[in-house]
Structures are given as structure tokens and as C-alpha cells.
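Beneath this line is the structure, given in C-alpha cells, with notes to follow.
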Amino acid sequence: MKFAIALYSAAHTPSSRRALLFAQAALAGGHEIVRLFFYQDGVYSASNNIVAPQDEQDIAHQWREFVSQHQLDGVVCIAAALRRGVLNAEEATRYQRSAVNLEAPWALSGLGQLHDAIQGADRLICFGGP
Amino acid sequence: MSKSLLVISRQAPWSGPSAREALDIVLAGGAFDLPIGLLFLDDGVFQLAPHQDAKAVQQKDLGANLQALGLFGIDDVFACSHSLAERGLTPPASAQPLGNEDICRLIDRYDQVITL
Amino acid sequence: MSTLHVLSHSPFTDSRLDSCLRLCGREDAILLCGDGAYGLHSPALRTKGVKVFVLAEDMQARNLPLPDWADSVDYPGFVQLSIDYDKVNTWL
Chain A
0 MKFAIALYSA AHTPSSRRAL LFAQAALAGG HEIVRLFFYQ DGVYSASNNI
50 VAPQDEQDIA HQWREFVSQH QLDGVVCIAA ALRRGVLNAE EATRYQRSAV
100 NLEAPWALSG LGQLHDAIQG ADRLICFGGP
Chain B
0 MSKSLLVISR QAPWSGPSAR EALDIVLAGG AFDLPIGLLF LDDGVFQLAP
50 HQDAKAVQQK DLGANLQALG LFGIDDVFAC SHSLAERGLT PPASAQPLGN
100 EDICRLIDRY DQVITL
Chain C
0 MSTLHVLSHS PFTDSRLDSC LRLCGREDAI LLCGDGAYGL HSPALRTKGV
50 KVFVLAEDMQ ARNLPLPDWA DSVDYPGFVQ LSIDYDKVNT WL
């Protein structure tokens with residue numbers, strides 16, 4: 000089965016962790032993840048500036064490791080990211096902002112990538128809220 | 000054949016970016032000529048209330064985006080009758096009112112669904 | 000077509016479960032996760048007659064007993080449910 004997984008919530012939410020565990024289970028079950036698409040507050044799950052307390056799960060870090068290890072296509076919606084101050088080097092330069100908090104393996108792109116993933120997958124699974 | 004997507008918009012117009020971001024998904028799909036439907040449900044029907052004044056809260060008027068739906072080829076726009084009645088709203092011209100059973104069948108007709 | 004509805008909000012503070020129960024079909028199922036697991040205490044859900052699943056870790060974390068009208072699933076089970084049903088509708 001081919002999955003498109005869309006995440007709408009930040010790294011500290013239970014739903015971000017739930018999405019990660021679902022994604023891990025999908026690959027472990029022999030399925031394919033066509034794309035991960037982070038939208039709305041999901042863009043925060045791709046921030047590389049999160050400092051998780053020592054005694055808590057660092058979900059943003061785990062997402063990065065997961066995407067890198069499995070060479071997945073991890074896309075963050077550029078419009079949602081800009082509005083929330085999640086910027087890669089290019090956008091930080093373009094908008095003259097002082098901080099870069101989005102790096103590889105994440106790529107910024109538009110909602111077209113969400114639709115493309117939906118067209119290419121057998122299932123779209125969304126995660127968000129609490 | 001393209002997979003169809005139903006976007007269910009449940010948030011009131013100015014409770015954050017959610018209403019606008021739901022519409023953005025719909026418009027992006029329309030721009031790619033994909034079969035997209037839009038259902039306003041629960042507080043989402045407040046987006047359809049007439050004579051709202053976005054400027055009063057320094058927000059963007061969603062009305063322009065709603066009017067753009069037709070231009071992007073999005074003609075399947077629906078509103079939940081139950082949600083409208085609960086909130087004392089009359090069915091708008093811009094969305095086809097649907098009862099609960101019809102909405103159940105509507106969800107069944109689409110390949111994928113996103114409920115925001 | 001059958002839909003797996005996924006709910007993560009508590010039904011005691013949020014209306015998503017109410018709306019879902021109004022609109023879900025006979026072939027559909029509901030997966031409770033996160034605070035949605037408190038739906039196991041919901042009389043409306045019990046009497047609706049739709050198939051109910053709950054994510055095991057959320058039931059366990061909240062010390063919720065599993066009633067006989069619901070089944071618990073782990074993550075591989077969650078993945079399988081998303082395949083068994085034609086589509087997944089998460090009430091974000």
C-alpha cells in the first residue's frame with residue numbers, strides 16, 4: 000500500500016508522535032510512504048530549533064532521523080511555514096530574517112505537493128489536533 | 000482518472016488561519032484541475048454568513064476566496080443543513096444545503112477526505 | 000465505500016464525536032486515539048452501533064477499561080485498519 004501522510008500539528012503534540020509511530024509501522028509492515036506533507040502547525044514539527052527537555056521525547060529530532068534514514072520525501076508547506084516563522088536559508092535571506100530553522104531533510108514547497116501525493120497514494124492519512 | 004478529494008471545513012472564519020488554509024487546499028486542487036468538493040460543517044457554516052466585516056478585526060475577507068471557487072472549477076460546494084439550522088443561518092446561495100444522510104453519501108462518493 | 004473516522008479530542012469538551020456520529024455510515028468505523036479514547040465513556044458512541052476501535056497505548060495511559068463493544072489496536076493494527084477501510088477521515 001502507498002501512503003500519503005499529512006501532519007497538521009507541532010512536535011510537542013501527541014498527534015505528531017502518533018503520526019511518526021504510524022509512519023514507522025507502515026514502513027515496518029512493508030508499505031510505502033509516497034510523501035510526508037507538513038501543513039498548518041505541522042510545519043513546527045520540522046523545525047530544527049526545538050530544544051526538548053532532557054526527560055521528554057524529542058519528536059522533531061526523531062522525525063528528521065526517520066526521514067533521513069529512509070530517504071523519504073519530507074515536504075513542508077511554504078505558505079504555512081512562512082506565516083509561522085519556519086524558514087530555510089533561502090527564505091530567511093529573501094525576507095531578511097535572522098534565523099534559519101528549517102534544513103534538510105525537509106524541503107519547502109506548495110500545496111500542489113499535497114495534491115500530488117494524494118493522487119499517487121492509495122491512502123491519505125492526516126494527523127493533527129491533540 | 001484523478002482521485003477526488005472532499006475538504007470538510009469546520010472552523011469559523013476568524014478563529015485562526017484554519018478556515019483560510021482549508022480553502023487554500025481546495026483552491027490549489029482546483030488550480031490543478033482536480034475533482035475537489037467542499038463541505039462547510041459545524042462552525043464552518045459561519046464562513047457563509049452574509050455581511051461580515053473582516054476589516055473590523057483586521058483580517059482578510061474570505062468572501063473573495065469563496066467567490067473564486069467557481070473560477071477555479073470548484074462547483075461542488077455544500078453546507079450542512081443541521082449546522083446551519085443550529086446556528087440560525089439560512090441556507091446560502093453559494094452552497095448546496097445537505098442533510099445528514101446526504102452528507103454520509105457525499106463522503107462515500109469521494110476517494111479521499113480532509114476534515115479541518 | 001467505508002470510512003475509518005479518527006478522533007483524538009475528548010467528546011466531553013468537543014463536538015467532533017457528535018458530528019461524526021451524525022454523519023457516519025453503517026459500514027464505517029471509528030478509531031479513538033489520544034483524548035478521543037475518553038469516548039469509551041460516551042453513551043452515544045456505545046448506542047450508535049458503529050464499529051469502534053481504540054488505540055491501545057491511549058487506553059492504557061488513561062487506565063480506561065475496554066468495553067465489550069470496542070476493540071483495541073496497536074500501531075500495526077492502526078495501519079491495517081487504514082487499509083481495511085476505503086479511506087481515513089481524521090477529525091483534525
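Residue numbers (numbering that gives the first Met the number 0), protein chains in the order written: chain A, 0 to 129; chain B, 0 to 115; chain C, 0 to 91. All C-beta atoms in this analysis are idealised placements derived from N, C-alpha and C, irrespective of residue type, glycine included. None of these values were measured; they are calculated from a predicted model.
What distance in whole Å lies between the Cβ atoms of residue j and residue i, which are believed to be in contact at a cut-off of 8 angstroms?
i: Val74/A; j: Phe37/A; result: 7 angstroms
i: Ser44/A; j: Ala59/A; result: 6 angstroms
i: Val6/B; j: Leu37/B; result: 5 angstroms
i: Val56/B; j: Lys86/C; result: About 36 angstroms; that fails the 8 angstroms criterion.
i: Thr89/C; j: Gly127/A; result: 7 angstroms
i: Asn132/A; j: Ser46/A; result: The question about residue 132/A has no answer, for chain A in this structure spans 0 to 129.
i: Gly72/B; j: Gly29/B; result: 5 angstroms
i: Asp23/B; j: Leu107/A; result: Contact flag wrong, Cβ pair sits at about 15 angstroms.
By the 10 Å Cβ neighbour count, where 16 or more other Cβ atoms means buried, how is residue i classified, buried or exposed?
i: Asn48/A; result: exposed
i: Arg122/A; result: buried
i: Tyr94/A; result: exposed
i: Arg108/B; result: exposed
i: Gly35/C; result: buried
i: Glu20/B; result: buried
i: Met0/B; result: exposed
i: Arg96/A; result: exposed
i: Gln53/A; result: exposed
i: Lys50/C; result: buried
i: Pro66/C; result: exposed
i: Asp52/B; result: exposed
i: Val44/B; result: buried
i: Arg17/A; result: buried
i: Gly137/A; result: The structure shown does not extend to residue 137/A, since chain A spans only 0 to 129, so no value can be given for it.
i: Leu4/B; result: buried
i: Leu70/B; result: exposed
i: Gln66/B; result: exposed
i: Ser18/C; result: buried
i: Ala63/B; result: exposed
i: Arg61/C; result: exposed
i: Phe77/B; result: buried
i: His116/B; result: Examination of residue 116/B is not possible in this model, given that chain B is present from 0 through 115 alone.
i: Gln59/C; result: exposed
i: Pro10/C; result: buried
i: Pro75/C; result: exposed
i: Gly87/B; result: exposed
Pick out whichever of the options has its Cα sitting closest to the Cα of residue i.
i: His69/A; options: Leu26/A, Ala91/A and Val99/A; result: Leu26/A
i: Leu6/A; options: Ala51/A, Val50/A, Leu86/A and Leu113/A; result: Leu113/A
i: Trp68/C; options: Lys47/C, Arg21/C, Asn62/C and Cys32/C; result: Lys47/C
i: Leu91/C; options: Ala78/A, Cys125/A and Leu107/A; result: Cys125/A
i: Ser8/A; options: Gly41/A, Cys76/A, Arg82/A and Glu64/A; result: Gly41/A
i: Ala51/A; options: Glu31/A, Ala10/A, Asn87/A and Gln39/A; result: Ala10/A
i: Cys23/C; options: Leu54/C, Met0/C and Asp83/C; result: Met0/C
i: Asp74/B; options: Trp13/B, Ser93/B and Arg86/B; result: Ser93/B
i: Leu63/C; options: His40/C, Pro75/C and His4/C; result: His40/C
i: Glu56/C; options: Leu20/A, Ala120/A and Glu89/A; result: Leu20/A
i: Pro16/B; options: Gln46/B, Leu33/B, Ile102/B and Glu85/B; result: Gln46/B
i: Asp72/A; options: Ala79/A, Ala103/A, Thr92/A and Val85/A; result: Ala103/A
i: Phe31/B; options: Pro129/A, Asp115/A, Gly119/A and Ala120/A; result: Asp115/A
i: Val25/B; options: Asp110/B, Leu68/B and Arg9/B; result: Leu68/B
i: Leu31/C; options: Asp13/C, His4/C and Arg25/C; result: His4/C
i: Val72/C; options: Ile29/C, Ala43/C, Leu44/C and Ser14/C; result: Ile29/C
What are the residues that DSSP puts in a beta bridge with residue i?
i: Phe36/A; result: Ala5/A and Val74/A
i: Glu31/A; result: Lys1/A
i: Phe71/B; result: DSSP output for Phe71/B lists no bridge partner at all.
i: Asp70/C; result: Phe52/C
i: Val78/C; result: According to DSSP, Val78/C bridges with nothing at all.
i: Ile58/A; result: Bridge partners of Ile58/A: none, in fact.
i: His4/C; result: Ile29/C and Asn88/C
i: Thr114/B; result: Ile7/B and Trp90/C
i: Val76/B; result: Leu37/B
task = Check each residue of the segment 8 to 20 of chain C: if its Cβ is closer than 7 angstroms to any Cβ of chain B, include it; give the result in chain order.
result = Listed by position, the residues of the segment 8 to 20 of chain C near chain B (Cβ gap below 7 angstroms) are Ser14 and Ser18.
Within 9 angstroms of chain B by C-beta, residues of the segment 101 to 116 of chain A in sequence order = The residues in question are Gly109, Leu110, Gly111, Leu113, His114 and Asp115.
request  = Could you run through the segment 31 to 51 of chain C and flag, in chain order, every residue whose CB is less than 7 angstroms away from some CB of chain A?
outcome  = Within the segment 31 to 51 of chain C, the qualifying residues are Cys32, Gly33 and Asp34.
request  = With 9 angstroms as the C-beta to C-beta threshold (strictly closer), list the residues of the segment 17 to 40 of chain A near chain C in chain order.
outcome  = Look at the segment 17 to 40 of chain A: the residues with a C-beta under 9 angstroms from a C-beta of chain C are Arg17, Leu20, Phe21, Gln23, Ala24, Ala25, Ala27, Gly28, His30 and Gln39.
ask   = Given a limit of 8 angstroms on CB to CB distance, which residues of the segment 69 to 89 of chain A reach chain B?
value = Within the segment 69 to 89 of chain A, Ala78, Ala79 and Arg82 place their CB atoms closer than 8 angstroms to a CB of chain B, listed in sequence order.
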